[in-house]
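Residue numbers (this note's numbering), protein chains in the order written: chain A, 5 to 319; chain B, 129 to 660.
Take a look at the structure:
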C-alpha cells in the first residue's frame, strides 16, 4: 500500500507539472494579451505604449523565463499581481475561493442527498408511476441547461415574491449563507443529482439481480436491509467514480451559476480573467483546480478499497 | 421712482428666495444610492479610458474647471457653468483662455488645490510631464493646445495655437477632470484622488465599486447622498431583474435596451424610465488602403446599398435615428436636419433607386450576378456589433457583394483594426461631447489614434479648422452640415444609425437628469437625492 501511495503521489506531481506547462503555453498561444485589453477600453492601440506596458508586465521576456519565474513564485506562495486590478493575485483569489468551495460543496451535497436515495427508490419501485416520474425529472435535469434553469428560478422569484435571490452583500452568519447559497447550489446540483440518480438506478437494478441478493432475501432479510446494506453498498462503486468526476466538472456549472446569481466566487472570476488575459490569475486558479481534481481522483481511488474489501492495492 | 423699483426688486427677490428656500428644504440628505454596473471598470482614471464603465461611477470623484449643467438635458456651449474655475475669459484674439480658480478647495487627501494641478493635468495629457499616462485616448482633443501657464495659485491660462471657441465644450466634458499633481497616474488608476463630491472607497473586481460623501466638499450642502455604491453584475438579465425587484435605485448608464424597456415598464410600472439618444453610433469602418475598397466607387456603391430604416426597425423597433457623423436633431445640436440629410448620397429614402445606382457602379467595375465581389465583414463577437453586421451582409447581397461574417474576440478587435487587417468593420462610436471639435478631431482628423480608417484629407483638415475657429454658431452649424455630408459621401466612416437606450430609476430618486446628447457628462451626482 505504501509503495502504491508513493507511486500515486509522484504521478500526481508529474501530472501537475504537465498541467502547469500546458496552462502556461496555451494561455500565451491565445491571440491578444492584457495590453490589447487595456487599450480596448481606450478605443485604440498605440504600438509604442503597448510595448511599454508589455515591458512593465514582463511580457516581453521569453516564455521559458516567464514560466520559471511563475513556478519560482508558486513555490514560495507568490502568485504575482493581477494585471487588471494591480493587486496581489493572492488577495484577489483568497476571499473568492471559500465562496466557490462552499457553493460546490453544497451543490455536491445536494446531488448526493437527492440523487442517491431517489436512484435507489427508482430502482426498487421499477416500472411504477413513481419510477416514471423520477425518470422524467432526472431526464429534465440532464437536459436543462443550468444557465436557463438559473434564469427561470430568478424570474420565478421576481414574479411571485417580488424579490431576487442574488448575492448583494456578504452574508452575516452561517444561516444567511446557507439560505443565500442553497438556491444556486440546487440550480447547479440538479444536473449532477439527475446523473447520480440514473446511475444509481441502473447500478442497483444490475445488483438486485445478483445471486447474493436472492440469497439474502431467502434468508429472510428485510427489504430495507437488502436494498441498503446488500445492494446499495455494491451498487455505489460506479456512482463513487461519477461523484468524483462530477466534483471536478462542477466548476463548469458554477461559472454560469455564479454569473447569473452574481456570486463573487472564483469560477466566474476565472472566466473574466481569461477574457482579460490576466495571466497570473488564470494560471494560479487553473493550477488550483488541477490540484483539487487530482487530489479528489486520488481520494476516490482510495475510497474504492474502503467500499469494496475485494479491492487491494498491490505492494 | 428709483426707490419704487428697488422696493419691487427687493420684494421679488424675497419671493424668489422663499421659493428657492422651499425647493432647497424639499431636498433630503442622506442615504446611499445603490446602482448596478455592467462590469468591472477598467480603471479609475477617467483620462486613460474611453468608456462609460469608468466615467459613470468615477465622475463624482472629480471636478472640472467648467462643466455642463447637470439639470439641463441638452449639453451645449450655453449650458456650461463654472466648476473649479469661478469664471473664465478669452483674449481678444480668442487664443488665450484664462480661468480664475476657486480658493480653499482641497483634494480628498487634504492637500490644497491650485493652478499647478491644472497645468499638471494638461501637461500630462499632452505628454509633457515626467509622469506618463499608460493610455491617452483623447490626445486629439488638445491638438490645438500649445501650453498651459499659471499666474499664482488662483489663475491658469490655456494658450491655443489658433482660436477655438468650442475648446470650452471639451473642457466641460465629464472626460476632462482636473487631476492632482501629487498623485501618480498609477495611483489614479487604482485609488483616484479628486476634489469632487464623492471619495473613492473601494473597487473589488466583479463585485462592487463604492464611493462615500466628501464631507469637505467645497460646494456647500452638497452632495445630498451619503454615498454611491455600484454593484457589478455581468449578466444583463440578472441585473435588470434585480432592478425590477427593487434591489437597486438606479440602472447603469443607459443600460436598458429598447426591447428590455418593455419588460421593465410592464414588470416595474412605478419605475421612471427615459429613452434617450446616446450619441453612440453604429457605423462602418472601411479599409481604404486595400483592394477592393481602395476604389472610391466600390465604397460609394456600398454606401448606396445600405437601408438604414431596415437596420433601425430590426434592431431598435424603429427608435434609433438616421444621421451623419454628428448626432441628429432634435437631441443633437450639430447634426444634419432631415431635409438636408436627404440630399446626402445614400440617404435618399428611395432604397430601390439607390441600389439600382449602386449596381450600375458595380457593373461598371466589372461585377455582376455572375461575378460577385467577395467581402469580409469583421466585427466584435458581441450581439450589439454582430447583429447589425448580419443585416449589412444581407444588404450587400443586393449589389453583387457576397459578404462573410468575421467575428473577432473583443481583446483582438483594436489590434486588428490598428493593423488594418480588415475589409469592412462594423463599429460603434461613442462621442463624449456633442461638438464638432470633439468628433471631427477624434475620429476623422489626420493622425488621430481613434481615426481607425486613417481617413486624411488636407482640404477636410482645413474645413475642420475653419468651423472650429468660427464664433458665429449658426454659421458654424451650416458649415458642419457640409463637412458631415462630405464625410458621408467619402465613406470616411459610413453611419448606419444613432442609438437610443433607456435610463431607469426608482421614483424615490430625485434630482437626476439624463442628458440627451451625451452619456458622459451627467454623472456628477452631487444634486441627486433620495426621497425615502
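Cβ atoms here follow ideal geometry from the backbone N, Cα and C, with glycine treated the same way.
Mapping the DSSP letters down to three states, classify residue i as helix, strand or coil.
i                      : result
residue 601 of chain B : helix
residue 631 of chain B : strand
residue 177 of chain B : coil
residue 144 of chain A : helix
residue 308 of chain A : helix
residue 310 of chain B : coil
residue 397 of chain B : coil
residue 89 of chain B  : Because chain B is modelled from 129 through 660, residue 89 of chain B falls outside the range shown and cannot be assessed.
residue 321 of chain B : coil
residue 280 of chain A : coil
residue 496 of chain B : strand
residue 429 of chain B : helix
residue 391 of chain B : helix
residue 556 of chain B : strand
residue 149 of chain B : With a pLDDT of only 46 at residue 149 of chain B, under 50, the local geometry of the prediction cannot be trusted, and no value is derived from it.
residue 68 of chain A  : helix
residue 358 of chain B : strand
residue 670 of chain B : This structure cannot speak to residue 670 of chain B, because chain B is shown only from 129 to 660.
residue 163 of chain B : strand
residue 24 of chain A  : helix
residue 231 of chain B : coil
residue 551 of chain B : coil
For residue i, which residues in the same chain have their Cβ closer than 6 Å to its Cβ, ignoring the five residues on either side in sequence?
i                      : result
residue 170 of chain A : 265, 266
residue 57 of chain A  : 39
residue 627 of chain B : 406, 408, 448
residue 459 of chain B : 405, 644, 645
residue 274 of chain A : 289
residue 314 of chain A : none
Please identify the residue among the options whose C-alpha is closest to the C-alpha of residue i.
i                      : options                    : result
residue 495 of chain B : B/529, B/524, B/590        : B/529
residue 383 of chain B : B/213, B/512, B/322        : B/512
residue 92 of chain A  : A/98, A/84, A/278          : A/84
residue 272 of chain A : B/167, B/156, B/451        : B/167
residue 509 of chain B : B/472, B/485, B/542        : B/542
residue 278 of chain B : B/226, B/576, B/455, B/398 : B/226
residue 534 of chain B : B/444, B/597, B/545        : B/545
residue 581 of chain B : B/457, B/622, B/364, B/216 : B/622
residue 242 of chain A : A/134, A/207, A/225        : A/207
residue 618 of chain B : B/498, B/629, B/481, B/474 : B/474
residue 232 of chain B : B/247, B/214, B/223        : B/214
residue 302 of chain A : A/247, A/216, A/259, A/289 : A/247
residue 219 of chain B : B/591, B/387, B/288, B/524 : B/288
residue 191 of chain B : B/429, B/307, B/185, B/276 : B/307
To which residues of the same chain is residue i closer than 8 Å at the C-beta, ignoring the five residues directly before and after it?
i                      : result
residue 221 of chain A : 230
residue 395 of chain B : 372
residue 593 of chain B : 290
residue 237 of chain A : 311
residue 234 of chain B : 240, 241, 323, 344, 346
residue 281 of chain A : 31, 34, 36, 37, 38, 40, 41, 87
Residue i CB to nearest chain A CB: under 8 Å?
i                      : result
residue 373 of chain B : yes
residue 225 of chain B : no
residue 510 of chain B : no
residue 254 of chain B : no
residue 259 of chain B : no
residue 379 of chain B : no
residue 556 of chain B : no
residue 265 of chain B : yes
residue 631 of chain B : no
Confirm the yes/no value for this check: CB of residue i, any heavy atom of the ligand ATP, distance under 7 Å.
i                    : result
residue 7 of chain A : Of the ligands one can find in the structure shown there are none, so the ligand ATP has no counterpart to examine.
At a Cβ threshold of 8 Å, is residue i touching chain B?
i                      : result
residue 168 of chain A : yes
residue 50 of chain A  : yes
residue 306 of chain A : no
residue 274 of chain A : no
residue 23 of chain A  : no
residue 57 of chain A  : yes
Keeping to the same chain, check which residues put their C-beta closer than 7 Å to that of residue i; ignore five residues upstream and five downstream.
i                      : result
residue 114 of chain A : 189, 190, 193, 197
Assuming residue i and residue j make a contact with CB atoms under 8 Å, what is their CB distance in whole Å?
i                      : j                      : result
residue 299 of chain B : residue 174 of chain B : Rounded, the Cβ-Cβ distance is 13 Å, inconsistent with contact.
residue 665 of chain B : residue 477 of chain B : A query on residue 665 of chain B cannot be resolved here, the shown segment of chain B reaching from 129 to 660 and no further.
residue 285 of chain A : residue 277 of chain A : 4 Å
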